[in-house]
Amino acid sequence: MRNDVIAFAPGRVNLIGEHTDYNYGLALPFAISEGVTVRAKPGRAGWIDAHAVDLDSHDSFSLDAPAGAQGWRAFARGAAAELQAAGYRLTGSQLRISGTVPRGSGLSSSAALEVALCLALLAVAETAVPDRIVLAQICSKVENDWVGARTGLLDQLASLCGERDHALRIDFRSLEVSPVDLELGGYTLVTLDSGQRHANAGPGEGADEGYNQRRSECARACELLGLESLRDATLDGAAGLPAPLAARVRHVVTENERVEQTVAALAAGDLPRVGELLDASHASLRDDFEISTPAVEATVQRRRAAGVTGARIVGGGFGGHVLGLLPPGTPAPADAVKVAPGPGAHLLS
Ligand code: GLA
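Note that numbering that gives the first Met the number 0 has the sequence shown beginning at 0, numbered continuously upward.
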């Protein structure tokens, strides 16, 4: 058994490709330097004793049969249960969890927590870490089945596969992850907090629960179109659907195209074009996918007034952060945070 381990997992910014992951589409996220750190050491045999430092909150549960819980405890119990269910041996451990990603911000605090917990639990038990795609799927199960958010694999893959100076083009049908050079030629990417928090869990009514509702709408559109996923949907097909499904499908089809166009614009060093694509993505998320809010719109407008080349909401929507692309020489607004691609999840000790 290892004595003391420290696992770090980053949050992520999604450059473009929003609400495409669970539709087997494309996205272009990158890992950021903010994240969750879990220190682990051997503990009572058969038990996990966990302390969430920022919340000053404790949990203890038996590894034999972790039961459901709310909040951060659902992540800890779910991580332990799902790793064991997938055949990975764990041992009694003490965990100390702390983080720097604001919760509900659209920067993926949830995936950072799941991934850091799994890496720490495996490391302290000296159990080999699964392939990163398999681990992303285990983490996603924690979020789907223990936390109640029917999210896709975007955040977990970005946190696990992040690479310094690169975004990741992810194809969610083949699960192929390809690094894309994020050469910004003097431009900078910044995030700005809309001040509005959100949760992705919930049955589908009200602002906090819109994420699962959108997912259900996409599933219904697939049924009506006779498709396995919206990856194969077309604009013509979308046009025949009832409202609001036609608009939801239109977003997914055009957003997949924007991901490919962004990859091409980056390769050509055409940053003004990247900015246009970010704006187009935001318009589609606001008008067709309807996941923006007045607080987010006000934040986007402030970005535009500050001279950004492009700005859009990031993450699941209904609040959270706005991403902006600033041209060379434009000072970042005081409340903006500069973001750059960093390494994926790893052990610090
Ligand atoms: C959240 C989910 C992801 C993805 C995005 C929207 O971050 O966790 O799986 O669906 O929203 O792109």
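Backbone N, C-alpha and C fix where the C-beta goes; we use that ideal spot for every residue, glycine too.
{"Item": "Short Cβ contact (9 Å threshold) for L106 with R11", "Value": "yes"}
{"Item": "Helix, strand or coil at G45 [DSSP, three-state]", "Value": "coil"}
{"Item": "Supposed contact pair L120 and A39 - C-beta distance, whole angstroms, cut 8 Å", "Value": "7 Å"}
{"Item": "Distance CB(L270)-CB(P326) smaller than 9 Å", "Value": "yes"}
{"Item": "Bridge partner(s) assigned by DSSP for P28", "Value": "N13"}
{"Item": "Inter-residue Cα distance where the pair is P129 and R43", "Value": "25 Å"}
{"Item": "A335 (DSSP reduced to helix, strand or coil)", "Value": "coil"}
{"Item": "Pocket of the ligand GLA (residues with CB nearer than 5 Å to any heavy atom), chain order", "Value": "E17, H18, D20, T150, G151, L153, D154, G314 and G315"}
{"Item": "N- and C-terminal bounds of the beta strand (DSSP E) containing V189", "Value": "T187 to D192"}
{"Item": "Length of the line joining the Cα atoms of A75 and A110", "Value": "12 Å"}
{"Item": "Cβ contact (3+ pairs, closer than 8 Å) linking the region 43-57 and the region 304-314", "Value": "no"}
{"Item": "G323 - DSSP class collapsed to helix/strand/coil", "Value": "strand"}
{"Item": "Chain-order list of residues whose beta-carbon lies under 7 Å from that of V273 (same chain, five-residue window excluded)", "Value": "T261, A264, L265, G309 and L324"}
{"Item": "Proximity winner among R302, G316, L118 and G209, relative to Y87 (alpha-carbon distances)", "Value": "L118"}
{"Item": "Simplified DSSP state of G203, which is helix, strand or coil", "Value": "Bear in mind that the predicted position of G203 carries a pLDDT of just 40, short of 50, making it unreliable; the figure below should be weighed with that in mind. Of the three classes helix, strand and coil, the one that applies to G203 here is coil, per DSSP."}
{"Item": "Stretch pair the region 12-27 + the region 54-64: three plus CB contacts closer than 8 Å", "Value": "no"}
{"Item": "Buried/exposed call for L240, threshold 16 Cβ in 10 Å", "Value": "buried"}
{"Item": "Opening and closing residue of the beta strand (DSSP E) in which R95 lies", "Value": "S92 to G98"}
{"Item": "L229 versus V252: straight-line alpha-carbon distance, rounded", "Value": "8 Å"}
{"Item": "Minimum C-alpha distance to F171 - residue among I5, L322 and G24", "Value": "G24"}
{"Item": "Cβ pair E222, R247 closer than 9 Å", "Value": "no"}
{"Item": "Secondary structure of P342, DSSP reduced to three states", "Value": "coil"}
{"Item": "Sub-9 Å separation of V141 and A73 beta-carbons", "Value": "yes"}
{"Item": "Cβ-Cβ separation, I137 to E182 (assumed contact under 8 Å), whole Å", "Value": "That belief does not hold up - the Cβ atoms of E182 and I137 are roughly 33 Å apart, past 8 Å."}
{"Item": "Near the ligand FMN: R172 beta-carbon under 8 Å from a heavy atom", "Value": "Because the ligand FMN does not appear in the structure shown, any question about it cannot be addressed here, the ligands present being the ligand GLA."}
{"Item": "Spatially closest choice to A26 from R257, P293, R285 and T292, by CA coordinates", "Value": "R257"}
{"Item": "Beta-carbon proximity check, L159 vs V114, cutoff 9 Å", "Value": "yes"}
{"Item": "Cross-strand partners of P178 (DSSP beta bridge)", "Value": "L167"}
{"Item": "Reduced DSSP category for T298 - H, G, I as helix; E, B as strand; rest coil", "Value": "helix"}
{"Item": "Close-in-space but distant-in-sequence residues of the same chain around T298 (CB under 6 Å, 5 per side omitted)", "Value": "L191, S193 and V321"}
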